Structures are given as structure tokens and as C-alpha cells.
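Worksheet: one structure, shown below.
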Amino acid sequence: MEPLLRVGVPLWSLLISCALLKDSYKVQWTDGTNNWNKTINETAYTITNLASGVMYSVTVSAVGLPEGKGQTVSLYTRPGKVVHHSVDANTSAIFLNWTSPPGSKLGYKVEWTSVPHAVTNLTVADVKTTAVRLTWLGQTDFKPSYTYLVAARQASIVVQNYTTANETYTFLDLRSGQSYDFDVFTVVEGVKSNVTSILSYTKPYPVQNITEERATTNTVSLSWTQPESKPHYSYVVQVSNGTVFWSKTVNSTTVSVPGLIPGSKYNFTVISQTADGTQASPVMSSIYTQPCSVRNLSVSSVGEDWTTLVWGHPDEHRDSYRYNVTWKGPENSSSIQTQNNTFHIPNLVPGSLYHFFVTTETFDGTQSDSQWISKCTVPNPPGPIDILARTNSSIDIKWQEALLMTVGSFSYQVSITLPGGRDYISVTNTNHSFTSLRSGTPYNISVLTVGVLNFKSEEVQIYMVNTNASPVSELHCEGLDAEDAILLVSWVRPRGQYSAFQAILDDGVSNSSTNTNTCCSHNVSNLRHYTKYTLTVKTQSCGRPSTAVSLECWTGITNPSIARDYKPLLTEKTHNSFSIQIDSTLLNNTNGPVTHIGVLVASESPVVTCNCVSGNTSNWRQYLENTYDKWKDSQVPVYLAAVKNISLSRSADIRHTLQVGDESKWKGYTNGALFPGQKYQCAVVVFTKLSLENNLVNVEESLVSITSFTLVVVLNPDPVIGIAVGATLGIFFVLFVILLGFIIYWKRLSKKEESDIQIHSMRSVAVKMEDYEVYYKKQKADSNCGFAEEFEDLKPVGTDQPKTAALILENKPKNRYNNVLPYDSSRVKLSIIHGSPYDDYINANYMPGYNSRKEFIAAQGPLPGTVKDFWRMVWEKNVQTLVMLTRCNEQGRVKCEQYWDFGTKRFENINVTSVSDIPLEDWTIRDFDIKNVKTAETRSVRQFHFTAWPDHGVPETTELLISFRHLVREHMDQYSRHSPTVVHCSAGVGRTGTFIAIDRLIFQIERENIVDVYGIVHDLRMHRTLMVQTEVGNRRRLSHHANARCSNARGLPAGSVRVPKPVRHGHHQVKDRNKRGPHLPEHGCSVHLREHRTSQRLLQVPGSINPRSHSSLLHLPAFLKGVQVVLLWSSIYEDCAFKPIFCGIYFLENIYVCEDVVLFLRFCLFTTGLRYFAQVKCWIFFIGMTSS
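Using the UniProt record's numbering, you'd call the opening residue of the sequence shown number 1 and step up by one each time.
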């Protein structure tokens, strides 16, 4: 065994190292009292937990049979360190105290040394801008080994320190104008004395660029720049004029020195200094004050081409002063110097404005402020005035230009006499238009030339210029309904003066004219009833007449003209009624359009017969107030049986039928049954105006004529009793058939799986897929003639169905359009909540889909007053899918009320909360939570808002609409299998019908291999009017879609379509929904994505994928068969911020996809739940994923 090596001996351990040839060793150690040992396999060992300052003996021996002889070494551990020492001192001694350390010790060693004396008389010997020199006195016990430590500090920070043996030192490279603390220590063998310090500033740099900012007669303002300026700098400014007489200290780099003498030279000195008064070198500049200006400058005389100026000497005048005289005219300017106070200026331009300037100038060229004056010559007058045009409120004039006038140096003053005086206008051209004048009024007009300084020429005048008459306004005419045809004409008094009014009437054949001096009405007679006239009115005045004002007028109507002996045609009679027919020969529009016809009925009586014989029918008007009940009670001999409105159905060859005794009612009249076998007389009543009072004819207000009682009718006798018996048996048989039909119907109804609305007959034009191309080309030929004919055939489909509920007065305000009303047979009925029978109405119909006869609800866009009904329908019909196909505003018109809001909004008993809003390029997806406040039940509704559909048209591409339909259908299949889906646009027929039709058409193609556009639209129109509204857009695009699907089936591999165009997407926020849909990151710095285990999966694609760059199509790989995928390219979260990237939606259902997507799907297909990937490039959202 090799000798022991001492590796290290700390206070508390020993490290033993040895080189042995054995595998194990025994280490033993002792302090003389205690023994320890340890068997080890290594050749080194550290002994710990030893006492400090103690000698240990350590023996190491090899372990074997027999045990080897060990080697021993003795050594001490280090003693402990003293702690808690303290120092106390007096004038001649120092006392030290400490705590004894643990362990053994032999004693303590104490060392000390003396401190040298500090330097004295520390002085700043010299100061410069970047250097300071210090001097001091050394110690009395100075020794050659002594040195000095010098340091410069700023704010307790040492910026320079040096060691020197001299008693002086210069600090260099300091900053100008800064405060420094300088420290000096005596150093003896490394021991420093107490510090001796002194504070000093470096010098600032001298100022630069002393500039005269402004000099007046008694004040000079200066400014300067300060290199390396400091906030504490101040400046001493001194002013002298042979001797120093003004001094001031300022803190800024500008100063204003007042109280100086005009026109004098001054020396200005500026000295910058620090806070302690350390000054820079002075800088001086010489400046003159401004002399005083001349006094009382004036023009003593002026001629056509000359003028003389005169002025007084300035204050503080000096003999060295000179005067600069400058004048500026329209063509040039000149200047001259003189020492006199008067000056004559020749060779001026006549009739021009001149500006004269005089300044005082000192010996060095410093000038005073200018004194100036303007003078001009008299201008020439303009030429004669001409009248260019005049109207009823304006006069246009022109005149010749003034001669020999400089352009731009003059103007013209035009004046006109007004009732309140003269009006003056200044112009620069030679024409003017006077406006807002009174019509038919004479005016005096004048023009003169105005030169500079308002010098005026003589006036040129023209007198008595008249304006034209003003036309009448608010012309009105009214035809009286009277025996004589009269037009009542009125108007509003025209502006200005007038003498008379002329009225002209023209009926297209002839015209007549009348004059009146009165204002403002006139009656025109001798006209024809119910005739259109063109009325023209002109105002007459002293000047020309006004422009004509025309208006089309109709004369009134009167009692219709009829043939007294007209006899209507009896067409049918029974035992208690008869019918008559009236031809158009009776309906003469000469006295006005016939609006109603009626029948007066009487039993044969002497009164009627007498009236008939006499031929006087005027008193028969009183019978128009008689009713059937009064006649039946024998209170009156004649009654009004029936009245018919013919104003909307009249034609030249039509015959009108009136039935008497059919038990019908009109207003307050009853057309009661007549007595069998009786004899009756009747007269025809013709109205041009029918007025009612208490639902009876107002005889005084109505315009009516009555024929004579020319028709006599004898009714059939009563039917025999056998007929009554047969009728009874027939009724019994009918009831039996109805009962039998009800039983059959009930049995069929009980077998149905779901309730259904009335099923109407439906036509069909089904075409097999393989035959569709030929059919499509045939229908498309001749400018789509075939499609146009089909569309025309569909126009009347379903229109004969009743719409009673929609036409009720209380429900009319709930309809957005008057021509889009729901059929009663298929309308959606709401519950009665307020006790009103009208609470159940909403403009919506159940619509048949491919899977159910109530798969959809087609509704109009909600109005402001129907939003609450809309949400009530969503709740009561358990709707979970909403499809909106219009924007709220299109082309400046409101198409649909926005029925949602951000946050929560209450609609009666329904609270609607907006949960998410994802705006894409062509559609937006929104999620809502709707809560019934009465039951506290909450449901989820998703809205698919298609925003790329133009009004009365179709989207740009069929693929876009198909992609949107796929998105909606996916949601419907998952959440709306047992509830209807609401689809609406604005009216709920055009775009809504197209969407539902496309959904059914795609199912039809995929499951039946047929295309039946006509049959689908026919079925939709049987449930709601006007479904699929336009032929050119929607129908043809539907057909194109079907053709495209057929073409894809032939041109591409089976079961494939093209990938729809992706859409762009910006920032959006999607809140967490626990019911459906994935978690997307909130806006903020958190990028955690919580795991959300549903049938949907949200993943992130590593790498950079741009959907638009992959235009080529690949076959769907086998591992993706049966998978339906939607890729939603959303926001990127990088560096704690959302960044918008390309956003698109793809549906994978045995389709082509881009290569990058396929490679990624191979990687993540079998991943479950939500995962977060560090390399975020896009989101992928899997819906309904299955494997095959």
C-alpha cells in the first residue's frame, strides 16, 4: 500500500487518499479518546463531523485474509474563527473583545498599525472647462514612502481616481460646467488617512452666435446659444456706450435691454456662469439702435403725373441721418436718398394709385420704421349701359369699359333704386345681374368708376327698366259635383305688381280664355262634366306677362245619364229569388264613372204603378233608404235589395248580374228571400257617387239615377213535399259518406309517425341524371325559353289558397310586404299568451324538406314590432338552427331588423344571449343561448348568416352556396333532426325558397339520381307564395347546379366534387361553450387550450399551409374514406397576440383535397380531443369524424 496523501484539511473534515492493490480498505481514526472506523472500496475518503483545532491519528489498512498492516498519519484540523468581536477605545488605548470559537486552540494573534495624518490646505489652484488643478500641504511627519490618493466624485459616484507622490494634481477630461467633489487621502503602506474634500465647478463654454432678434429706438433684444448647456447656468449681460451703465443676470438665452438712445451704437457683452459663479470667457457684439421715424408725412401737392412729399425731422435728429424715399405704382417702383425733408416726384402714371415710403437711416445703414402715404389720380367714367335680359325677378345689364384705366386698379359701382332707397354693388367686370327684384316694377340703374382710395367718376344712368310679371304659385283647381259643370280655380298671390290674370282652358278640342282683375280665385263655367281640361294662368303687368303655369283639372260629376225605359234581362228565377242582367248600354260615363249598380224591388201596388205610369222617378230616391225588413213588415212598398261595386271590373262588353233574394248582406241591407208565386217589379239603380250614413245610402250626398219599374217577375210556386223528402234522404246519404271518410282518415292518421300539414297535389318534371344534359340544353335553347315557360306555369301555383289570418286588420302591421302573406293551411301558429286571438300570428309557413314535410320554416325578416314573436316561435317550435340569407341593410334600405345584440337582450319571456360571433368572408356563424325566464330552461341556437347573396339575384358561384348548405346541413343533422330549421331572408320567399330548393335538390340527386326542379318549386309554392322568386337568377342557377353535379359525376371520379373557394377571416373572439362547438383561444396572453372531448376535434397544423396556393386536386386517400372534415383557418396566436391568417371552410366527403392537408391528416387522424401544438399555423375542426 502506498503512503497516505493529505488532500485537504478543512475545519470539520479530513480527506484521506491512498493507492492500494486491494478491493476494500479499513480507515480508522482517533483523537486520543474516541475511536472510529470505516470500511470502503475506494482509494479516497472524506472524514466529516470532526472538531476544529484537534489532532487526529488516521490509520488505513487493506482488508484481507490475513488483514494487511496499516499506515498511520497524524494532523490537526483548522482552528475556528473568532466571532462577535467589538472595539472600544480611549485617548491612549484600544480595547478588543471577541467570543471564543468552538474546538481546541493554543492562543490568539493580535496585529495593529497606525493611521497617517490627513492632508491640509486643499485648494483649487486653476479651473478650466474640462480640467481642475488641486494643491495641498503634506504631513509634518512626511516620509518618502508616503503617497496620495486623489478622486473626483459626482453624486457619490467616483468618476476618476489616481495615486501621486506630488502635492498637486490636475484632473483632465472633465465635463464643462459640472460640479465635482474632489477627495485627497494620505496613504502609508496601504493605510489611508481621513479624507480631505473640496467642491468645485468646471468652467462653462463661452456663449456663441449673439444675434440681434429685434432692435427698436430704445430697446434691443438679443439671443445666443450655449454649448453644452446645463440647467443651473445663468448669464451676465453687460451693455456699454463708452462706460458700463447696465448689467443684468438672466437664466435664459434671451434678453431685452430697454432705455437706450435711438440711433446709437452699443457694445453688448454676455458671460455664462455656473451655480457657484464660475464664469466663462466674455463674448461681445456691437449693435445700433433703430433711429426714429420721420414725422407728419404728407402730400403737399399732386398733378396728373407728379406729386410733392413733405415731412418733419425725427426725434433725436442727427446731422448724419439720411432719408430713403421709395414709391410703388402699377407699373414699377423707384427709390432715392436725400438729406432734405421735402421731395418732388415726377413722371407718374395718371389715374393710378401710388404708395410713398420714407425711412430714416443711420451711418451704418440701420433704418427706422417706414412712414407711408398713398395717393392716386381721378378715374375715367364707364361707357353707356345696355339691357341684356330681364325676367320677373332679375335684370341683366352691360356697359363699356372706362378708357385709359390700368387693369386691376379700379372697379365699378353699380346701383339700382329700390322701394327703401338705393342699393350699391361693387364689381370688377363690365356686366351685372340684379336678382330678387319685384316683378312688374320699374327701376333706375346707374354705373360709375371707382378708383383707388375710393376716388369716383361721374355716373352713367338708365331710367325706368321694368321687370316681367311673376307667375302665380300653388295653382289649384277643383271640379264641383253639381248639376252645372264648374271649375273653382285658386292660386297664391304672385310677388311684385300685377294688373290682371288670364285663365285659358283647353280640352284637346277647343280652348277658351277669360280675364279677371281680382286675386286670387276665379270660377270657370259652361264646361262639360267629367272632362279633363288643361288650365293655364298668366299674370299681366306693365311689363311683359309672366310665364304660364299649367295644371290638369277634371270637372265634377253629377247624376248618371240613363234611359228611363230601360228593361233589364231576367236570366233566372226560383220559388224565392230571381236574377237580372244589366248590359253596358246603361252604364254611360258622360256624367262621371259609374261605381255601383243596384236593384229596387216592389210588390205590385197602386203607388208604384202610379209612379211608373207618370214616369216621374225623381221621388224614388227616397226608396234607397228602405230595407228588406221594413218591406217585409209592410212599412214601405219598395226596398233596396242588392248593390254591386263595378268600379274595378267595368268593361265595354261586360254584363253584370244581380241576384235578388239570395240571403246575402251588404252594409245595412239584407237581400232576403222573396215569397213563392208572388209578382214583383224592379228598377235599376245607377250610382256615380255612393255615400253611406249609418250603413245606409245617404240620399242627399249620393249621385244616383233610377230607371222605371219596367221589369215584372212572377216567381215559381213552392216545391212539392216529395222534393223535401228526397232532399232529406240525400242529406242523410251525404252525412253517411262523410262519416265513413272520417273513419278511414282517422285510421290513416293514427299510423303516421309525425304530424303533417295539408298535402297538396304536386306536378313533377323529373329528369334522370343520365338524361339531364340533353334536357338542360333543350330548356336553355332560344334564350332559356324552356325555363321561362316553366316559370310562367309556376306563377299561379297555390295563389287561390286563403290568407284570412294575414288579412285581419290587427295582423296587417306584422307583414313586411303586402304581397307576401302566409297561407292559412300551412302558416306557423304561436300560442295565445295575452288572451288575444291575434297572438298566434306570425308571417311564416311550414315548408317541406326532403326528410320531413315540416323540415323547414320559411319566415320573413323580423320587423321591429315582430322580433319578440320571432324569438317566441324559435322557442315554441324548439328551433336550434337559424339560416339568415340577407344583410340587415342593403342598398340603403332596411331588409331585416337585427334581432340579436351583443350581450343579453330580453324579448318578453325570452332572454337571448350572444355567446359567439365568427365573421367570415361570405358568412358569419353566431351562437345564442335562449332562456325562458318563467321555466328557467336554457337552449342553444346557432345562426348561419349568409352575407354574400345580392338582392334579387344569386351568389357569384354555385360552389359557395353549396358549401354554405353543407355547413348548415351538418348542423341540422346533428341538432335539428326532430325540430324545424328556420330560414329567412327579407320577404322569406326568394332567397329562402332557393336555399330550401337546393337542399332538396342535392338530396334528390344523391339518393334518387333524378333532377326535378319544377316539382320542388311547385311543392314549395303550394306552402308559401312566391317561393323561388326570380326566374333569371335563382331558377337558372338551380338548374346550373344540377347540371354541374351531373357533369362532375361524369368528368371526375365517382363520388367527387371540387373543393370550394376558401374565404378570408380576420380577428374574432369565440367564448367557451360547454354545449357544442370547440374551445378557441380567448384574446389575451394565455394560449392554453382546454381539452374538450366531443365528437368534434380541434387541432393545429404544424408548418405553413396556404390554402390558395394548392390549386391542384388530389384523390382522397383511403384512410380518409367516410370522414367529413371542415377546416376553419382562423387567427394565429404568436407572441401573445392574435394575427389574422387566411380562413376557409372545406367539406371532405370523398372529395379532392390539397396535398399538405392530406399529409397532416395522416399525422393527426387518430388523435383524440383538443391538443395544442407549438408551431401554430392553422386550426382544423373535425365534424362527425368516423373511420372506415
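From the three backbone atoms N, C-alpha and C, an ideal C-beta is built for every residue, glycine too. All values derive from a computational prediction rather than experimental measurement.
- Note on PHE363: under 16 other CB atoms within 10 angstroms of its CB, so exposed under the neighbour-count rule.
- Straight across, the Cα-Cα distance linking GLY242 with GLN371 is about 32 Å.
- With a threshold of 16 other beta carbon atoms within 10 Å, HIS85 falls short and is exposed.
- ALA683 sits buried, since 16 or more C-beta atoms from the chains shown fall within 10 Å of its C-beta.
- Going by beta carbons, VAL983 and VAL867 fall outside the 8 Å limit.
- Collapsing the DSSP output to three states places ASP276 in coil.
- Straight across, the Cα-Cα distance linking LEU535 with VAL594 is about 26 Å.
- When rounded, the separation of the alpha-carbon atoms in GLY668 and THR627 is 8 Å.
- Distance from the CA of THR30 to the CA of VAL58, rounded to the nearest whole angstrom, comes to 7 Å.
- Taking LYS375 as the centre and dropping the five residues before and after it, the same chain places the C-beta of VAL299, VAL302, THR307, LEU353, TYR354, PHE356, LEU453 closer than 8 Å to its C-beta, in chain order.
- When the beta-carbon positions are compared, ALA503 and VAL489 come within less than 8 Å of each other.
- Classified as buried, TYR56 has 16 or more neighbouring CB atoms from the shown chains inside 10 Å of its CB.
- Residue range 1013-1021 is occupied by the alpha helix (DSSP H) that includes TYR1014.
- According to the DSSP assignment, PHE907 belongs to the beta strand (DSSP E) that extends over 904-907.
- The alpha-carbon separation between GLU167 and GLY138 amounts to approximately 7 Å.
- In the same chain as ASP88, and ignoring 5 residues on each side of it, the C-beta atoms closer than 7 Å to its own belong to PHE95, in chain order.
- An exposed status is given to ILE425, since fewer than 16 other beta-carbon atoms sit within 10 Å of its beta-carbon.
- The region 705-716 makes contact with the region 675-694: 3 or more CB pairs, one atom from each, lie closer than 8 Å.
- When the beta-carbon positions are compared, LEU821 and ALA806 come within less than 8 Å of each other.
- Straight-line measurement puts the Cα of LEU505 at about 11 Å from the Cα of ASN526.
- DSSP places PRO813 within a helical segment (H, G or I) once states are collapsed to three.
- Note on the region 537-622: whole beta strand (DSSP E) runs with a minimum of 3 residues are 549-554, 569-573, 578-582, 596-603, in chain order.
- ARG965 and ASP999 have their C-alpha atoms spaced approximately 7 Å apart.
- The closest CA to that of THR366, considering only LEU404, ARG390, TYR323, SER393, is found on TYR323.
- The beta-bridge partner set that DSSP reports for TYR412 consists of VAL427, THR449.
- Per DSSP, ALA805 is one residue of the alpha helix (DSSP H) stretching across 804-807.
- In this structure, the CA atom of PRO382 is about 6 Å from the CA atom of THR449.
- ILE654 sits exposed, since fewer than 16 C-beta atoms from the chains shown fall within 10 Å of its C-beta.
- Put simply, the backbone Cα of THR211 is about 57 Å away from that of PRO116.
- GLY53 is positioned such that its CB atom lies closer than 8 Å to that of LYS105.
- Taken through DSSP and simplified to helix, strand or coil, PHE1003 comes out as helix.
- Beta-carbon to beta-carbon, ALA280 and PRO204 are separated by about 5 Å, close enough to satisfy the 8 Å threshold.
- Between the beta-carbon of SER584 and that of THR571 there is about 16 Å, and that puts the pair past the 8 Å contact cut.
- Look at the region 464-492 and you find no whole run of alpha helix (DSSP H) that is 4 residues long or longer.
- Sixteen is the threshold: since fewer than 16 other Cβ atoms of the shown chains lie within 10 Å of the Cβ of ARG1007, the residue is exposed.
- The beta strand (DSSP E) runs of length 3 or more contained entirely in the region 221-309 are, from start to end of the chain, 234-240, 244-250, 254-257, 265-273, 283-288, 295-302.
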